[in-house]
């Protein structure tokens, strides 16, 4: 009923209003002054049924927003959605994207790009999870447009003639009018590593080349942690008990990881895994210093049984919304520094919080629930009730969850023969999503 209501044209101007964690705005042009007060709220969804233009900096630094509904949107001006770290989906067919329109949207995996006619400088810069760009209208690319889009593996621009400013890393490129750039024979598809799959089940095309001098190893009990190439996107390690220091540091394309038996994640184990979004590590007891630092895209962890967390362990997890610890007693120095979307920490046995645990986060943004008395601070609020949030995506389906299941199914060349495939998919269907 709400979808039908907002789809009808509204002639009377109305001020923005909020229902739970969803913002509704009915103007045709959205300005920065209209959205300024909304930054004080924990916003997950934005509904713009009539918006044609999003003006300069209108939604800049709305760190927690995950879904935008704007069916009539045609133009996003400079920095319109800049630094919307959590933005996962936008329903819009945009024609004009100006400077830094979606830059530093770490979590954005895809966006409707076929309708774009104007694409300005740095429009998608630092979109770490952007995986596909298809457009047959644009003839040239401005400087820094796709810089640091490390997961961009499929790039198609049939009318592109000038690639001077284009910087792509290991992407399958379809640009027939640009001979120097065109490369449709190299396939850099997702690599799936499972320690119970034998070497003969690994398809070289699916995993891509690790290194010119290195053969794909037999993965039996452990992963060879000396792999330098940033090609792993799905990682399943059933038997490993302890993740070595810097084991997966810098795996920029790692998207999903499952380590069900692991008890210890050592220092910088997942450091700078900028695309990592899903992690199943329910038996982990110890998390070392900087273990998940710079995991910009992580939305949640299920490490409820953690007893020790090292210095800056979750530092710069820009997309982390909430986290739960059943056994943790102390939150130490800079553990959640720069976690700009973090809203709630559930730690029933927590007794001590370091003065700098939540550095560089908005005052009183974080709420902490514990059964023990917690010293109040300007950095956080100790609360007696557990807050509830609505589903993060404004749809009648858990689209994010389903899209992830489909991603796994599409990797059938390697995954369909895996012993634990059913367990993998079951795991996704039972994750604790935002309520």
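Residue numbers (my numbering): 12 to 446.
Every residue, glycine too, gets a C-beta built ideally from N, C-alpha and C.
Note that the coordinates shown come from a computational prediction; the quantities given were computed from them, not determined experimentally.
Query                                                                                                                                                                                     : Result
How far does the beta strand (DSSP E) with residue 267 in it reach, from first residue to last?                                                                                           : 267-269
Can you tell me which of 278, 268 and 296 puts its alpha carbon nearest to the alpha carbon of residue 286?                                                                               : 268
Residue 116: which of 57, 136 and 41 sits nearest, CA to CA?                                                                                                                              : 136
Rounded to a whole number of angstroms, what is the C-alpha to C-alpha distance between residue 187 and residue 169?                                                                      : 6 Å
Evaluate the contact criterion for the segment 309-328 versus the segment 40-52: three or more CB pairs, one atom per stretch, below 8 Å.                                                 : no
Run the CB neighbour count on residue 375, radius 10 Å, all protein chains shown included, and call it buried at 16 or more, exposed below.                                               : exposed
Given that a residue counts as buried once 16 or more other Cβ atoms are within 10 Å of its Cβ, and exposed if not, what is residue 204?                                                  : Since pLDDT at residue 204 reaches only 44, below the 50 mark, its modelled position is unreliable, and the value read off the structure follows with that caveat. By the 10 Å Cβ count, residue 204 comes out buried.
Please classify residue 30: is it buried, with 16 or more other beta-carbons within 10 angstroms of its beta-carbon, or exposed?                                                          : exposed
Under 7 Å between C-beta atoms, does residue 145 make it to chain C?                                                                                                                      : Given the protein chain composition of this structure (a single chain), no chain C is represented.
Among all the DSSP beta bridges, which residues are the ones paired with residue 357?                                                                                                     : 335 and 380
If residue 84 sits next to residue 103, beta carbons under 8 Å apart, how far is it from one beta carbon to the other, in whole angstroms?                                                : 4 Å
Once you ignore the five residues that flank residue 357 on each side, which residues in its own chain have a CB closer than 6 Å to its CB?                                               : 335 and 380
Does the Cβ-Cβ distance between residue 351 and residue 74 come in under 7 Å?                                                                                                             : yes
Do you know whose CA, among 94, 261, 174 and 60, lies nearest residue 70's CA?                                                                                                            : 94
If you pair each beta-carbon of the segment 32-41 with each one of the segment 53-61, do three or more pairs fall below 8 Å?                                                              : yes
State yes or no: is the C-beta of residue 368 within less than 7 Å of the C-beta of residue 355?                                                                                          : no
If you measure between the beta carbons of residue 262 and residue 284, is that distance less than 7 Å?                                                                                   : yes
Using DSSP's beta-bridge definition, name the partner residues of residue 56.                                                                                                             : 33 and 78
Taking the C-alpha atoms as reference points, what is the distance between residue 213 and residue 246?                                                                                   : Residue confidence for residue 213 is low, a pLDDT of 35 falling below 50, so the modelled location carries little weight and cannot support an answer.
DSSP state of residue 291, grouped into three classes?                                                                                                                                    : strand
Could you pull out every residue in the same chain whose Cβ sits closer than 8 Å to the Cβ of residue 28, ignoring the five residues on either side in sequence?                          : 34 and 35
Measure the alpha-carbon distance for residue 90 versus residue 166 and round it to whole angstroms.                                                                                      : 23 Å
Going by C-alpha distance, which of 68, 111, 141 and 106 is nearest residue 153?                                                                                                          : 111
Assign residue 197 to one of two classes, buried (16 or more other C-beta atoms within 10 Å of its C-beta) or exposed (fewer than that).                                                  : Residue confidence for residue 197 is low, a pLDDT of 42 falling below 50, so the modelled location carries little weight and cannot support an answer.
Where DSSP assigns a beta bridge to residue 151, which residues make up the other side?                                                                                                   : 173
Could you name the residues of the same chain whose beta carbon sits closer than 8 Å to that of residue 392, not counting the 5 residues immediately before and after it, in chain order? : 375, 377, 378 and 379
Residue 281 and residue 266: beta carbons closer than 7 Å?                                                                                                                                : no
Does the Cβ of residue 399 have 16 or more other Cβ atoms within 10 Å, making it buried, or fewer, making it exposed?                                                                     : exposed
Going by DSSP, name the residue or residues bridged to residue 185.                                                                                                                       : 167
Quick test of your reading: residue 394 and residue 361, contact by CB under 8 Å. State the CB separation rounded to the nearest angstrom.                                                : Not really, about 12 Å apart at Cβ, beyond 8 Å.
Measuring straight from C-alpha to C-alpha, what distance separates residue 9 and residue 144?                                                                                            : What is shown of the chain runs 12 to 446, which leaves residue 9 out entirely.
Pull up the CB-CB distance for residue 8 and residue 26, whole angstroms please, since I reckon it's below 8 Å.                                                                           : The displayed coordinates of the chain run from 12 to 446. Any statement about residue 8 would go beyond what the structure contains.
Would you kindly report the start and end of the unbroken beta strand (DSSP E) that includes residue 143?                                                                                 : 143-145
Residue 134 and residue 108 - do their beta-carbons sit closer together than 7 Å?                                                                                                         : yes
Report the rounded CA-to-CA distance for residue 423 versus residue 243, giving the unit in angstroms.                                                                                    : Bear in mind that the predicted position of residue 423 carries a pLDDT of just 49, short of 50, making it too unreliable to give a figure here.
Does DSSP put residue 28 in a helix, in a strand, or in coil?                                                                                                                             : strand
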